[in-house]
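J.: Would you mind keeping the following structure in view while I ask a few things?
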Amino acid sequence: MASTRRSQIGKGNDATAVGVERYVGHLLRRAYAVARKNSSAALADLGDLSPVQATALITLASGALTQAELGRQIGMESANTHTLIKRMVAAGLVATRPDPANRRLLLVDPTAAGQVMTSKVEARLAGSTEQTLAPLTASEQAVLIDMLLRIIAD
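Numbering (this note's numbering), first residue to last: 3 to 156.
Right under this line is the structure:
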């Protein structure tokens, strides 16, 4: 029965979906759980690094950001971003400094250790993404990524 339901998801219109499988929030949460499990497993040998910390490091690889900018780019609330940065500072992965343009703001930069960790993280997350998307063809993967980007666009 489960395989029949799974085979119906995404085919035709919403009338083919069964039960909670009609609700996009439920499906996204389930897909997120698969992606999180795969990324956590891929990062497991890197110590206490969470997938969100890994995402923050990759985001900071292109340059320093304010706490608020980092939070927006990784989809976190301000208070959670503050806690994330505190943990990453304590782990030696990032450092903060006053923004020269607005000294009330702090810029967040990866440290040398954070940069080394970023290169490790990128390879592992590429593998976990490949694993998560493995049930899809290459063209389906591209379409899914495009649709998700459109959903999360500001």
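For each residue, glycine too, the CB sits at the ideal point set by N, CA and C.
(1) Cα-Cα, which of R38, V22, E23 and G27 is closest to R126?
(2) Could you give the first and the last residue of the continuous beta strand (DSSP E) run that contains A114?
(3) Report the option in D111, L151 and V54 whose CA atom is closest to the CA atom of D2.
(4) Please list, in chain order, all residues of the same chain as T134 whose beta carbon is under 7 Å from its beta carbon, the five residues on each side excluded.
(5) Tell me where the beta strand (DSSP E) around T98 begins and ends.
(6) Between R31 and the ligand FMN, is the CB less than 7 Å from at least one heavy atom?
(7) What span of residues does the alpha helix (DSSP H) with S52 cover, start to end?
(8) Which stretch, first to last residue, makes up the alpha helix (DSSP H) that contains A63?
(9) Rounding to the nearest angstrom, what Cα-Cα distance links L150 and Q75 in this structure?
(10) DSSP state of V110, grouped into three classes?
(11) Does DSSP classify R8 as helix, strand or coil?
(12) Quick check on T83: does DSSP put it in helix, strand or coil?
(13) Does the stretch 45 to 59 come into contact with the stretch 80 to 94, if we say contact requires no fewer than three beta-carbon pairs (one atom in each stretch) closer than 8 Å?
(14) Residues in the same chain with beta-carbon distance under 8 Å from L109, minus the five sequence neighbours each way, listed in chain order, please.
(15) Which residue or residues does DSSP assign as beta-bridge partners of T68?
(16) Can you name the residues that DSSP bridges to N104?
T.: If we stick to the structure as given:
(1) Indexing the sequence shown from 1 puts residue 126 at position 124. It is R38 whose Cα lies nearest to the Cα of R126.
(2) In the sequence shown, the residue the question calls residue 114 occupies position 112. It is not in any beta strand (DSSP E) - A114 instead sits in the alpha helix (DSSP H) that spans A114 to L135.
(3) No answer is possible for residue 2: it lies beyond the span of the chain, which begins at 3 and ends at 156.
(4) On the sequence shown, position 132 is the one that residue 134 refers to. Closer than 7 Å at the Cβ level, and outside the excluded window around T134, lie V36, A37 and N40.
(5) Against the sequence shown, residue 98 aligns to sequence position 96. Unbroken beta strand (DSSP E) run through T98: V96 to D101.
(6) With respect to the ligand FMN, the structure offers nothing, as it holds no ligand at all.
(7) On the sequence shown, position 50 is the one that residue 52 refers to. First-last for S52: undefined, no H or E at that position.
(8) Within the sequence shown, the letter at position 61 stands for residue 63. From DSSP, A63 is part of no alpha helix (DSSP H); its letter is neither H nor E.
(9) In the sequence shown, residue 150 corresponds to position 148, counting from 1. In the sequence shown, residue 75 corresponds to position 73, counting from 1. Each residue's Cα considered, the two are about 15 Å apart.
(10) For the purposes of this step, residue 110 is taken as residue 108 along the sequence shown, with counting starting at 1. If DSSP states are grouped into helix, strand and coil, V110 belongs with the strands.
(11) On the sequence shown, position 6 is the one that residue 8 refers to. With a pLDDT of only 49 at R8, under 50, the local geometry of the prediction cannot be trusted, and the value read off the model is given with reservation. Correct three-state label for R8: helix.
(12) Stepping through the sequence shown from its first residue, residue 83 is reached at position 81. T83: helix per DSSP, three-state reduction.
(13) yes
(14) Reading the sequence shown from its first residue, position 107 is the one you call residue 109. A66, L67, T68, T98, R99, P100 and D101, listed in sequence order.
(15) To locate residue 68, count along the sequence shown from 1; it is residue 66. T68 is bridged to L109.
(16) As a working mapping, residue 104 is identified with position 102 in the sequence shown. DSSP, once it has assigned bridges, lists D101 as partnering N104.
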